[in-house]
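A.B. asks:
There are 2 protein chains.
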Amino acid sequence: MPGREPTAASRAERGIPEATVARLPVYLRALTGLVELDIATCSSEELAHAAGVNSAKLRKDLSYLGSYGTRGVGYDVEYLRYQIAREIGVTQDWPVVIVGIGNLGHALADYSGFSSRGFRIAALLDADPARQGERIGDLEVLGFDRLEDLVTEFAIAIGVIATPAPSAQAVCDRLVGTGITSILNFAPEVLNVPDGVDVRKVDLSIELQILAYHEQRKATLGAAAPAALDGAGPELSGPQLSGRAVNR
Amino acid sequence: MPGREPTAASRAERGIPEATVARLPVYLRALTGLVELDIATCSSEELAHAAGVNSAKLRKDLSYLGSYGTRGVGYDVEYLRYQIAREIGVTQDWPVVIVGIGNLGHALADYSGFSSRGFRIAALLDADPARQGERIGDLEVLGFDRLEDLVTEFAIAIGVIATPAPSAQAVCDRLVGTGITSILNFAPEVLNVPDGVDVRKVDLSIELQILAYHEQRKATLGAAAPAALDGAGPELSGPQLSGRAVNR
DNA sequence: GCCGGTTTGTTCCCGCGTTCACAAACTCCT
DNA sequence: AGGAGTTTGTGAACGCGGGAACAAACCGGC
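Residue numbers (numbering that gives the first Met the number 0), protein chains in the order written: chain A, 0 to 247; chain B, 0 to 247.
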C-alpha cells in the first residue's frame, strides 16, 4: 500500500470499493426523495434508514468520496446529492441503445425513469423486420444493422441486451465491436467478453430461484424444528423463525 | 453410484453460503444446456467454463451440497442437475403472483421461462380497473382485492411487485399480510418488511448507474494514463487526479 | 494387482466488506 | 467563552468469500 496522505481526493481517484459503488445509486435515490420533501439537511442515521442500510456503513461509504458532511450537523441534502451524482457520473445523460424490442425491451423503452436518473435512450434496435418501424415514445425501432452508425452518431457507451438467449452472445460481440464497453444483459445467458468490458446481468429466474431456496428452507426448518408459538397455520405456509431479512 | 451421504445431507441442512446460493441457478442453467446437447458427463472445468466461473469456486460450491462427483471422472450431468434443482427447491413449480400489470408486469407475465425453471404464474393483479379483465396467456388480470383469496387458493408463496414506486410499500404490506415471505421487487423503492421475510430487488437504473460509474472511470483514467490497454489491475490504478474541491 | 494419469473435495491463506467504538469537530445554550 | 450535546469520519477487529494447492479417490492398461 503506497502510503501517502489518503486525502479525500486521492481516495476517490483510487477507486471506490465495488460494494460501495453498488450502494451509491440507492443513496442518490434516497437523497432525491428528501429533496422532493424539501428537506435541506439530514443525518447519516436518517439517510441510512431511508436507504435501508446501517448508518455506519453509510458513513464509511460516503467517506470514500470525501468529507462532505459536517460533524454535529449532518449532510446538506442537495450538496451531497450532487457529489454522489458526480461521482457516479450521472450529472449528464448517458446515451443508451436497447437491442431486442420484445416484451421486455418494449417495457424498458417505455420506462420513464431513464431520463431522470442519468440516461437517455438513443436507439431501439431489433433484428426482426416485423418489429422495425414501430414507434415507442418518440423513437422508432430500427434494424440491428444500423448499430454501428448509431453508436457513432450518438456516442453511445452503454448497450442493453433484451434479446432471446440464443442471440445474446452474437449481439454482445457486435456491441463490443463498436467499442461499447458497458453492457447490461437481460438474456439468460453467460456472456463472454474481452477484458475491459463490463457486463452486468439481470436475471429474473435466478432471483426467483434464490427466493425459492430460502422459501424451501424456511418450510423444512419450520417442519423439522417447530418454532414456538405459531398458531397452527396451513401446511405450506412456512412458520417463520428468525430468517434473514434483507432490509432492516 | 449416487452419493447418499448423511454427511452431505447434514451439510445442506446447516445452510449454504449466500454467495453459493446465488450461483446455483447459474450452474443449473448450464447443466440444462449440457443435457440438451446430450452430454452425459462433464468435469468441473467444463461446467465452470459454461457457467462463467472458476473451477475451484465451482467445486467448492458443489461441495456444500454433498459429494456428487466422481474423482478422476467428473460429474454426471443429469444427476447433478437434479441434485441442484432439489437443493434450490425447484423440482416442483412454485406458484407466483404478479402485482402491477403495467409494461413491465405485462412483460413478466408473458415471460416463457417461468414454467421451465420451477415457477408458475398463478395470478395477475392490478389495482387499476382499466387493466382488469385483460387476458395474458391463459390468465386474466384480476383486482388487487382478490389477493387474499388467491394466495390461499393457490398456496402462493412468492410475490412479484411490478407497480410504480409509490404503491410498492403498500402492496408489500398486503403481501406480507397474507403470509407471503418471499418478495421480488421491481419498483425503485426500499421496502420495509418484518424479520423472516426475504426481499430481493431488481433495479434497472441502479444497474445502469453502476455501469456508468465504471464507464466514467475508464474514460477519465484513459485520458490521464493513456496506453496500457492491457491488464493493469484494478489496484494499480494510476495516481492521477483531476482537481477536486473538497470544501464547500 | 499395481501403476500412472486424471479429477474431485478440502484445506489453507489472503483480501474485501461489515461492524463496533471512539476521537475529532461542530452547534447551541448559558 | 466554555461546556454539554450531537454527529461525522475512521481505526481496528472480525467474519465471509475467493483462489491456489494438494491429498484422496477413481479409471484404465498391463
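Cβ coordinates follow ideal geometry from the N, Cα and C atoms, glycine included.
Since this is a predicted model, take the numbers as computed values, not measurements.
Do residue 44/B and residue 64/B have their beta-carbon atoms positioned less than 9 Å apart in this structure?
C.D. replies: Taking the first residue of the second sequence as position 1, residue 64/B is located at position 65. Taking the first residue of the second sequence as position 1, residue 44/B is located at position 45. Contact: no.
A.B. asks: Using a Cβ cut-off of 7 Å, which residues of the segment 195-220 of chain A contact any Cβ in chain B, in chain order?
C.D. replies: Per Cβ criterion, the list reads 197, 199, 201, 203, 204, 205, 206, 207, 208, 209, 210, 211, 212, 213, 214, 215, 217.
A.B. asks: What are the residues that DSSP puts in a beta bridge with residue 62/B?
C.D. replies: If you number the second sequence from 1, residue 62/B lands on position 63. Per DSSP, none; premise fails for residue 62/B.
A.B. asks: For residue 180/A, decide whether its Cβ has a neighbour in chain B, counting only Cβ atoms nearer than 9 Å.
C.D. replies: Reading the first sequence from its first residue, position 181 is the one you call residue 180/A. Chain B, which has a Cβ nearer than 9 Å to the Cβ of residue 180/A, makes this yes.
A.B. asks: Alpha carbon to alpha carbon, how far is residue 40/B from residue 26/A? Give it in angstroms, no decimals.
C.D. replies: For this step, residue 26/A is matched to residue 27 along the first sequence. For this step, residue 40/B is matched to residue 41 along the second sequence. Their backbone Cα atoms lie some 47 Å apart in a straight line.
A.B. asks: With a threshold of 16 other CB atoms inside 10 Å of the CB of residue 72/B, please say whether the residue is buried or exposed.
C.D. replies: The residue labelled residue 72/B in the question sits at position 73 within the second sequence. That one is exposed.
A.B. asks: Look up residue 52/B in the DSSP assignment and give the residues it is bridged to.
C.D. replies: Indexing the second sequence from 1 puts residue 52/B at position 53. Bridge partners of residue 52/B: none, in fact.
A.B. asks: Less than 9 Å between CB atoms is the rule here; does residue 109/A satisfy it with respect to chain B?
C.D. replies: Counting from 1 along the first sequence, the entry for residue 109/A is found at position 110. Chain B contact via Cβ: present.
A.B. asks: Going along chain A, which residues have a C-beta under 8 Å from residue 102/B?
C.D. replies: Residue mapping note: residue 102/B aligns to position 103 of the second sequence, counting from 1. The answer, in chain order, is 105, 106, 109, 110.
A.B. asks: Please report how far the alpha carbon of residue 77/B lies from the alpha carbon of residue 208/B, in whole angstroms.
C.D. replies: As a first step, residue 77/B must be located in the second sequence, where it is residue number 78. As a first step, residue 208/B must be located in the second sequence, where it is residue number 209. Distance between the alpha carbons of residue 77/B and residue 208/B is about 39 Å.
A.B. asks: Beta-carbon within less than 6 Å of residue 153/A's beta-carbon, same chain only, minus the 5 sequence neighbours each way: which residues are those?
C.D. replies: Mapped onto the first sequence, residue 153/A falls at position 154. Contacts found: 94, 121.
A.B. asks: Considering just the uninterrupted stretch of the alpha helix (DSSP H) at residue 21/A, what are its terminal residues?
C.D. replies: Here residue 21/A is taken as the residue at index 22 of the first sequence, counted from 1. Where residue 21/A is concerned, the enclosing alpha helix (DSSP H) stretches over 17-35.
A.B. asks: Tell me which residue opens and which closes the beta strand (DSSP E) that residue 122/B is part of.
C.D. replies: The count along the second sequence starts at 1 and reaches residue 122/B at position 123. Note, residue 122/B: beta strand (DSSP E), 118-125.
A.B. asks: Using a C-beta to C-beta distance shorter than 8 Å, which residues of chain A count as neighbours of residue 25/B?
C.D. replies: Locating residue 25/B in the second sequence gives position 26, counting from the first residue. Those are 189, 205, listed as they occur along chain A.
A.B. asks: Report yes if the CB atom of residue 33/A is closer than 9 Å to the CB atom of residue 182/B, and no otherwise.
C.D. replies: Mapped onto the first sequence, residue 33/A falls at position 34. Mapped onto the second sequence, residue 182/B falls at position 183. For residue 33/A and residue 182/B, no; Cβs fall outside 9 Å.
A.B. asks: Can you tell which of 200/A, 177/A, 30/A, 15/A has the C-alpha that lies nearest to the C-alpha of residue 75/A?
C.D. replies: As a working note, residue 75/A is residue 76 in the first sequence. Among 200/A, 177/A, 30/A, 15/A, the Cα nearest to that of residue 75/A is on 30/A.
A.B. asks: Helix, strand or coil for residue 14/B, going by three-state DSSP, please let me know.
C.D. replies: The count along the second sequence starts at 1 and reaches residue 14/B at position 15. It is coil, neither helix nor strand.
A.B. asks: Using DSSP with H/G/I as helix, E/B as strand and the rest coil, what is residue 188/A?
C.D. replies: Here the question's residue 188/A lines up with position 189 in the first sequence. Residue 188/A: coil per DSSP, three-state reduction.
A.B. asks: Would residue 333/A be called buried (16 or more neighbouring beta carbons within 10 Å of its own) or exposed?
C.D. replies: The requested residue 333/A does not occur in the structure, where chain A is confined to residues 0 to 247.
A.B. asks: With a threshold of 9 Å between beta-carbons, can residue 143/B be considered close to chain A, or not?
C.D. replies: What you label residue 143/B is simply residue 144 of the second sequence in a count that begins at 1. No, residue 143/B lies away from the interface with chain A (no Cβ there is under 9 Å from its Cβ).
A.B. asks: Between the beta-carbon of residue 213/B and the beta-carbon of residue 197/A, is there less than 9 Å?
C.D. replies: As a first step, residue 213/B is located in the second sequence; it is residue number 214 there, counting from the start. As a first step, residue 197/A is located in the first sequence; it is residue number 198 there, counting from the start. Yes, Cβ-Cβ distance for residue 213/B and residue 197/A is below 9 Å.
A.B. asks: Please classify residue 216/A: is it buried, with 16 or more other beta-carbons within 10 angstroms of its beta-carbon, or exposed?
C.D. replies: Here residue 216/A refers to the residue found at position 217 when the first sequence is read from its first residue. It is buried - the Cβ of residue 216/A has at least 16 other Cβ atoms within 10 Å.
A.B. asks: Look at residue 205/B and residue 21/A and say whether their C-beta atoms are less than 9 Å apart.
C.D. replies: Residue numbering aside, residue 205/B sits at position 206 when the second sequence is read from its first letter. Residue numbering aside, residue 21/A sits at position 22 when the first sequence is read from its first letter. Yes, these two residues count as a Cβ contact at 9 Å.
A.B. asks: Any beta carbon of chain B sitting closer than 9 Å to that of residue 87/A?
C.D. replies: Within the first sequence, the letter at position 88 stands for residue 87/A. It does: the Cβ of residue 87/A has a partner Cβ on chain B nearer than 9 Å.
A.B. asks: From this set, 19/A, 28/A, 131/A, 81/A, which residue's C-alpha is nearest residue 57/A's C-alpha?
C.D. replies: Residue numbering aside, residue 57/A sits at position 58 when the first sequence is read from its first letter. Answer by Cα proximity: 19/A.
A.B. asks: What does the Cβ neighbour count give for residue 37/A, buried or exposed, with the cut at 16 atoms within 10 Å?
C.D. replies: Walking along the first sequence from the start, residue 37/A turns up at place 38. So residue 37/A ends up on the exposed side.
A.B. asks: Less than 9 Å separating the beta-carbons of residue 187/B and residue 202/A?
C.D. replies: Here the question's residue 187/B lines up with position 188 in the second sequence. Here the question's residue 202/A lines up with position 203 in the first sequence. No, they are not a contact pair.
A.B. asks: What are the boundary residues of the alpha helix (DSSP H) that residue 81/A is part of?
C.D. replies: Within the first sequence, numbered from 1, the residue matching residue 81/A stands at position 82. 76-87 is the span of the alpha helix (DSSP H), which, as asked, contains residue 81/A.
A.B. asks: Near residue 170/A, what residues of its chain come up, given a Cβ to Cβ distance below 6 Å and the 5 sequence neighbours on each side ignored?
C.D. replies: Position 171 of the first sequence holds residue 170/A. Contacts found: 98, 160, 162.
A.B. asks: Per DSSP, which residues does residue 69/B bridge with? Please list them.
C.D. replies: As a position in the second sequence, residue 69/B is number 70, starting the count at 1. Beta-bridge pairing links residue 69/B to 73/B.
A.B. asks: Give the range of the beta strand (DSSP E) segment to which residue 139/A is assigned.
C.D. replies: Within the first sequence, the letter at position 140 stands for residue 139/A. Element bounds for residue 139/A: 138-142.
A.B. asks: Do we get a CB-CB distance below 9 Å when we pair residue 183/B with the residues of chain A?
C.D. replies: Start at 1 with the first residue of the second sequence, and residue 183/B comes out as number 184. Taking Cβ atoms only, chain A reaches closer than 9 Å to residue 183/B, which makes this a yes.
A.B. asks: Would DSSP call residue 130/B helix, strand or coil?
C.D. replies: Along the second sequence, one-based indexing puts residue 130/B at 131. Three-state result, residue 130/B: coil.
A.B. asks: Going by DSSP, name the residue or residues bridged to residue 96/A.
C.D. replies: Residue numbering aside, residue 96/A sits at position 97 when the first sequence is read from its first letter. Note: residue 96/A sits in a beta bridge opposite 122/A, 158/A.
A.B. asks: Please list the residues of the segment 152-167 of chain B that have a C-beta atom closer than 7 Å to any C-beta atom in chain A, keeping them in chain order.
C.D. replies: Listed in sequence order: 154, 156, 157.
A.B. asks: If you reduce the DSSP assignment to three classes, tell me which class residue 196/A lands in.
C.D. replies: Residue numbering aside, residue 196/A sits at position 197 when the first sequence is read from its first letter. Coil.
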